[in-house]
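Heads up: the structure comes next, in C-alpha coordinates.
Residue numbers (mature numbering (1 follows the signal peptide of the UniProt record, and there is no 0)): -23 to -1, 1 to 244.
In C-alpha coordinates:
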(Lines of atoms letter the chains of each structure in order from A and count residues from 1; the text may use other names and numbers.)
(Lines give C-alpha, C1' and ligand atoms only; values in the text may rest on other atoms or scores of the structure.)
Protein backbone atom coordinates (compact mmCIF):
# COMPACT_ATOMS: atom_id res chain seq x y z
CA UNK A 1 0.00 0.00 0.00
CA UNK A 2 1.49 3.32 -1.08
CA UNK A 3 1.33 6.11 1.50
CA UNK A 4 0.49 9.54 0.01
CA UNK A 5 3.15 12.21 0.45
CA UNK A 6 2.95 14.63 3.36
CA UNK A 7 2.24 17.52 1.00
CA UNK A 8 -0.95 15.83 -0.22
CA UNK A 9 -2.15 15.23 3.33
CA UNK A 10 -1.47 18.85 4.27
CA UNK A 11 -3.40 20.00 1.19
CA UNK A 12 -6.39 17.82 2.15
CA UNK A 13 -6.44 19.13 5.73
CA UNK A 14 -6.09 22.72 4.50
CA UNK A 15 -8.98 22.22 2.05
CA UNK A 16 -11.21 20.87 4.83
CA UNK A 17 -10.37 23.85 7.01
CA UNK A 18 -11.22 26.26 4.19
CA UNK A 19 -14.51 24.40 3.64
CA UNK A 20 -15.42 24.74 7.32
CA UNK A 21 -14.58 28.45 7.33
CA UNK A 22 -16.74 29.02 4.26
CA UNK A 23 -19.62 27.20 5.92
CA UNK A 24 -19.29 29.40 8.99
CA UNK A 25 -19.39 32.52 6.83
CA UNK A 26 -22.57 31.62 4.97
CA UNK A 27 -24.99 34.55 4.98
CA UNK A 28 -27.57 34.43 7.72
CA UNK A 29 -31.10 34.08 6.37
CA UNK A 30 -32.89 37.43 6.55
CA UNK A 31 -36.23 37.37 8.34
CA UNK A 32 -38.42 40.14 7.06
CA UNK A 33 -40.80 41.96 9.43
CA UNK A 34 -44.49 41.63 8.68
CA UNK A 35 -47.12 44.29 8.20
CA UNK A 36 -50.69 43.71 9.38
CA UNK A 37 -53.87 44.91 7.69
CA UNK A 38 -53.75 48.25 9.53
CA UNK A 39 -50.21 48.92 8.34
CA UNK A 40 -48.46 48.33 11.66
CA UNK A 41 -45.22 46.34 11.75
CA UNK A 42 -44.82 42.99 13.48
CA UNK A 43 -41.14 42.54 14.31
CA UNK A 44 -40.87 40.19 17.29
CA UNK A 45 -41.45 36.45 17.03
CA UNK A 46 -44.55 36.76 19.21
CA UNK A 47 -46.07 39.46 17.02
CA UNK A 48 -45.30 37.51 13.85
CA UNK A 49 -46.74 34.34 15.35
CA UNK A 50 -50.01 36.08 16.23
CA UNK A 51 -50.22 37.61 12.76
CA UNK A 52 -49.64 34.25 11.07
CA UNK A 53 -52.16 32.59 13.40
CA UNK A 54 -54.89 35.09 12.51
CA UNK A 55 -54.09 34.71 8.81
CA UNK A 56 -54.24 30.90 8.92
CA UNK A 57 -57.44 31.00 10.95
CA UNK A 58 -59.08 33.01 8.18
CA UNK A 59 -57.63 30.75 5.47
CA UNK A 60 -58.83 27.50 7.02
CA UNK A 61 -62.29 28.77 7.98
CA UNK A 62 -64.80 27.12 5.59
CA UNK A 63 -67.00 29.35 3.49
CA UNK A 64 -70.50 29.90 4.83
CA UNK A 65 -73.12 28.10 2.73
CA UNK A 66 -76.34 30.10 2.97
CA UNK A 67 -78.27 28.26 0.25
CA UNK A 68 -78.22 24.83 1.91
CA UNK A 69 -80.90 24.11 4.50
CA UNK A 70 -80.72 20.40 5.25
CA UNK A 71 -78.41 17.73 3.95
CA UNK A 72 -80.15 14.72 2.42
CA UNK A 73 -80.15 11.60 4.54
CA UNK A 74 -78.08 8.77 3.12
CA UNK A 75 -78.03 5.27 4.53
CA UNK A 76 -74.42 4.23 4.95
CA UNK A 77 -73.18 0.89 3.75
CA UNK A 78 -73.05 -1.85 6.39
CA UNK A 79 -69.81 -2.07 8.37
CA UNK A 80 -67.15 -4.49 7.26
CA UNK A 81 -64.47 -6.07 9.43
CA UNK A 82 -61.13 -4.42 8.79
CA UNK A 83 -57.74 -5.03 10.36
CA UNK A 84 -54.13 -4.41 9.47
CA UNK A 85 -51.58 -7.18 9.27
CA UNK A 86 -48.06 -7.20 10.65
CA UNK A 87 -46.63 -7.44 7.14
CA UNK A 88 -48.49 -4.29 6.05
CA UNK A 89 -47.19 -2.22 8.96
CA UNK A 90 -43.66 -3.48 8.45
CA UNK A 91 -43.67 -2.71 4.72
CA UNK A 92 -44.88 0.85 5.27
CA UNK A 93 -42.25 1.45 7.95
CA UNK A 94 -39.48 0.19 5.64
CA UNK A 95 -40.52 2.72 2.97
CA UNK A 96 -40.47 5.70 5.38
CA UNK A 97 -38.05 8.53 4.66
CA UNK A 98 -35.59 8.61 7.59
CA UNK A 99 -34.75 12.27 6.95
CA UNK A 100 -38.27 13.58 7.53
CA UNK A 101 -38.69 15.92 10.49
CA UNK A 102 -40.54 14.51 13.53
CA UNK A 103 -43.80 15.87 14.85
CA UNK A 104 -44.68 17.31 18.23
CA UNK A 105 -43.94 14.01 20.00
CA UNK A 106 -40.33 13.96 18.78
CA UNK A 107 -40.61 10.45 17.29
CA UNK A 108 -38.74 10.42 13.99
CA UNK A 109 -39.12 8.06 11.06
CA UNK A 110 -35.63 6.76 11.76
CA UNK A 111 -36.80 5.68 15.22
CA UNK A 112 -39.75 3.83 13.67
CA UNK A 113 -37.45 2.12 11.17
CA UNK A 114 -35.21 0.89 14.00
CA UNK A 115 -38.10 -0.53 16.05
CA UNK A 116 -37.82 -4.21 16.99
CA UNK A 117 -40.53 -6.64 15.91
CA UNK A 118 -42.18 -6.63 19.34
CA UNK A 119 -42.60 -2.83 19.18
CA UNK A 120 -44.07 -3.06 15.68
CA UNK A 121 -46.59 -5.59 16.99
CA UNK A 122 -47.57 -3.13 19.73
CA UNK A 123 -48.18 -0.48 17.05
CA UNK A 124 -50.23 -3.04 15.11
CA UNK A 125 -52.35 -3.68 18.20
CA UNK A 126 -52.94 0.07 18.69
CA UNK A 127 -53.84 0.65 15.02
CA UNK A 128 -56.32 -2.24 14.93
CA UNK A 129 -57.88 -1.01 18.18
CA UNK A 130 -58.39 2.39 16.54
CA UNK A 131 -60.16 0.70 13.62
CA UNK A 132 -62.32 -1.37 15.92
CA UNK A 133 -63.25 1.50 18.26
CA UNK A 134 -63.49 4.14 15.48
CA UNK A 135 -61.09 6.28 17.49
CA UNK A 136 -58.38 8.77 16.51
CA UNK A 137 -56.19 10.45 19.18
CA UNK A 138 -56.49 14.22 19.38
CA UNK A 139 -52.73 14.51 19.94
CA UNK A 140 -52.19 13.06 16.48
CA UNK A 141 -54.02 16.03 14.99
CA UNK A 142 -51.55 18.56 16.45
CA UNK A 143 -48.85 19.57 13.96
CA UNK A 144 -45.63 21.54 14.20
CA UNK A 145 -45.98 24.34 11.66
CA UNK A 146 -43.37 26.36 9.82
CA UNK A 147 -44.05 29.25 7.47
CA UNK A 148 -42.14 29.13 4.18
CA UNK A 149 -41.92 32.25 1.97
CA UNK A 150 -43.40 31.97 -1.51
CA UNK A 151 -40.93 32.87 -4.26
CA UNK A 152 -41.36 36.29 -5.81
CA UNK A 153 -43.88 37.49 -3.21
CA UNK A 154 -43.89 40.50 -0.87
CA UNK A 155 -42.41 39.06 2.32
CA UNK A 156 -43.98 41.78 4.47
CA UNK A 157 -47.42 40.20 3.94
CA UNK A 158 -48.61 37.13 5.84
CA UNK A 159 -50.32 35.74 2.75
CA UNK A 160 -46.92 35.56 1.02
CA UNK A 161 -46.04 32.53 3.15
CA UNK A 162 -47.31 28.97 3.03
CA UNK A 163 -47.42 26.63 6.02
CA UNK A 164 -45.61 23.32 6.23
CA UNK A 165 -46.98 21.09 8.97
CA UNK A 166 -45.25 18.12 10.57
CA UNK A 167 -47.74 15.71 12.10
CA UNK A 168 -46.63 12.92 14.47
CA UNK A 169 -44.98 10.14 12.50
CA UNK A 170 -47.23 7.51 14.07
CA UNK A 171 -50.22 9.48 12.80
CA UNK A 172 -48.85 9.51 9.25
CA UNK A 173 -48.02 5.82 9.51
CA UNK A 174 -51.63 5.02 10.40
CA UNK A 175 -52.90 7.24 7.58
CA UNK A 176 -50.74 5.42 5.01
CA UNK A 177 -52.15 2.09 6.14
CA UNK A 178 -55.72 3.40 6.08
CA UNK A 179 -55.32 4.93 2.61
CA UNK A 180 -54.11 1.57 1.31
CA UNK A 181 -57.28 -0.11 2.62
CA UNK A 182 -59.55 2.63 1.28
CA UNK A 183 -57.92 2.53 -2.15
CA UNK A 184 -58.63 -1.18 -2.40
CA UNK A 185 -62.30 -0.66 -1.48
CA UNK A 186 -62.75 2.20 -3.97
CA UNK A 187 -61.05 0.24 -6.74
CA UNK A 188 -63.19 -2.83 -6.05
CA UNK A 189 -66.41 -0.83 -6.46
CA UNK A 190 -65.13 1.30 -9.39
CA UNK A 191 -65.74 4.49 -7.42
CA UNK A 192 -62.97 6.52 -9.06
CA UNK A 193 -63.62 7.69 -12.65
CA UNK A 194 -61.14 6.70 -15.33
CA UNK A 195 -60.29 10.35 -15.96
CA UNK A 196 -59.54 11.09 -12.32
CA UNK A 197 -55.78 11.63 -12.15
CA UNK A 198 -55.36 13.65 -8.95
CA UNK A 199 -54.04 11.83 -5.87
CA UNK A 200 -53.38 8.65 -7.83
CA UNK A 201 -49.90 7.20 -8.07
CA UNK A 202 -48.11 7.43 -11.41
CA UNK A 203 -51.11 9.15 -12.99
CA UNK A 204 -49.65 12.50 -14.04
CA UNK A 205 -47.81 11.10 -17.04
CA UNK A 206 -50.97 9.31 -18.20
CA UNK A 207 -52.91 12.57 -18.18
CA UNK A 208 -50.09 14.27 -20.10
CA UNK A 209 -50.18 11.54 -22.76
CA UNK A 210 -53.96 11.87 -22.99
CA UNK A 211 -53.73 15.64 -23.47
CA UNK A 212 -51.04 15.31 -26.15
CA UNK A 213 -53.10 12.67 -27.95
CA UNK A 214 -56.17 14.92 -28.07
CA UNK A 215 -54.11 17.85 -29.38
CA UNK A 216 -52.42 15.77 -32.08
CA UNK A 217 -55.76 14.31 -33.13
CA UNK A 218 -57.16 17.82 -33.52
CA UNK A 219 -54.16 18.86 -35.62
CA UNK A 220 -54.54 15.85 -37.90
CA UNK A 221 -58.25 16.56 -38.38
CA UNK A 222 -57.56 20.30 -38.80
CA UNK A 223 -60.09 21.12 -36.12
CA UNK A 224 -60.08 23.30 -33.03
CA UNK A 225 -58.79 21.99 -29.72
CA UNK A 226 -59.84 23.91 -26.62
CA UNK A 227 -58.75 23.39 -23.04
CA UNK A 228 -60.08 24.85 -19.81
CA UNK A 229 -57.80 25.04 -16.78
CA UNK A 230 -59.41 25.88 -13.44
CA UNK A 231 -57.43 26.63 -10.30
CA UNK A 232 -59.74 26.91 -7.30
CA UNK A 233 -58.16 29.14 -4.69
CA UNK A 234 -57.71 27.45 -1.29
CA UNK A 235 -59.82 24.49 -2.41
CA UNK A 236 -58.21 22.10 0.07
CA UNK A 237 -58.07 24.63 2.91
CA UNK A 238 -61.78 25.41 2.76
CA UNK A 239 -63.17 22.00 1.83
CA UNK A 240 -66.76 21.47 2.99
CA UNK A 241 -66.35 18.64 5.48
CA UNK A 242 -70.07 17.90 5.88
CA UNK A 243 -70.55 17.53 2.14
CA UNK A 244 -67.41 15.42 1.86
CA UNK A 245 -68.59 13.03 4.58
CA UNK A 246 -71.97 12.82 2.86
CA UNK A 247 -70.33 11.64 -0.37
CA UNK A 248 -68.16 9.16 1.49
CA UNK A 249 -71.27 7.52 2.93
CA UNK A 250 -72.30 6.51 -0.58
CA UNK A 251 -69.16 4.45 -1.20
CA UNK A 252 -67.66 3.46 2.16
CA UNK A 253 -68.88 1.24 5.00
CA UNK A 254 -70.26 3.03 8.03
CA UNK A 255 -67.41 2.11 10.38
CA UNK A 256 -64.84 3.71 8.07
CA UNK A 257 -66.99 6.81 7.59
CA UNK A 258 -67.27 7.28 11.36
CA UNK A 259 -63.51 6.96 11.74
CA UNK A 260 -62.94 9.57 9.03
CA UNK A 261 -65.42 11.88 10.74
CA UNK A 262 -63.41 11.62 13.96
CA UNK A 263 -60.20 12.29 12.03
CA UNK A 264 -61.61 15.44 10.43
CA UNK A 265 -62.86 16.92 13.70
CA UNK A 266 -60.73 19.54 15.43
CA UNK A 267 -58.21 18.31 17.95
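Where is the CB? At the ideal position from N, CA and C, for every residue including glycine.
Between the CA atoms of residue j and residue i - distance to the nearest angstrom
i, j, result
"residue 126", "residue 113", "32 Å"
"residue 154", "residue 163", "15 Å"
"residue 174", "residue 184", "7 Å"
"residue 204", "residue 109", "46 Å"
"residue 245", "residue 240", "Residue 245 lies beyond the range of the chain shown here (-23 to 244); nothing can be said about it."
"residue 51", "residue 148", "29 Å"
"residue 9", "residue 21", "11 Å"
"residue 197", "residue 92", "59 Å"
"residue 80", "residue 144", "5 Å"
"residue 118", "residue 146", "11 Å"
"residue 75", "residue 16", "43 Å"
"residue 151", "residue 101", "9 Å"
"residue 199", "residue 137", "44 Å"
With 16 other Cβ atoms within 10 Å as the buried cut-off, status of residue i
i, result
"residue 130", "exposed"
"residue 18", "exposed"
"residue 32", "buried"
"residue 77", "exposed"
"residue 88", "exposed"
"residue 135", "buried"
"residue 141", "exposed"
"residue 232", "buried"
"residue 234", "buried"
"residue 167", "exposed"
"residue -2", "Bear in mind that a pLDDT of 49 at residue -2, under 50, signals an unreliable position, so the number given afterwards is only what the model happens to contain. Classification for residue -2: exposed."
"residue 61", "buried"
"residue 37", "exposed"
"residue 25", "buried"
"residue 242", "exposed"
Sequence-distant residues of its chain with Cβ nearer than 7 Å to residue i (five each side left out)
i, result
"residue 192", "202"
"residue 207", "none"
"residue 227", "51"
Sequence-distant residues of the same chain with beta carbon closer than 6 Å to residue i, five excluded per side
i, result
"residue 14", "none"
"residue 104", "61 and 151"
Same chain, Cβ closer than 8 Å to residue i, five either side skipped, listed in chain order
i, result
"residue -10", "Confidence is the limiting factor: at residue -10 the pLDDT is only 48, short of 50, which leaves the residue's position unreliable and the question unanswerable from this model."
"residue 237", "222, 225 and 229"
"residue 65", "154 and 157"
"residue 133", "9, 10, 11 and 12"
Near the ligand SAH: residue i beta-carbon under 7 Å from a heavy atom
i, result
"residue 235", "By its list of ligands, the structure shown contains no ligand whatsoever, and the ligand SAH lies outside what it can speak to."
| said: Going residue by residue through the stretch 133 to 173, where are the continuous alpha helix (DSSP H) segments of at least 4 residues, counting only ones entirely within it? | reply: 146 to 165
| What are the uninterrupted segments assigned as alpha helix (DSSP H) that are 4 or more residues long and contained completely in the stretch 180 to 219, given in chain order? | 181 to 197
| task | Entirely within the stretch 73 to 109 and at least 4 residues each: give me those alpha helix (DSSP H) ranges in chain order. | result | 86 to 90
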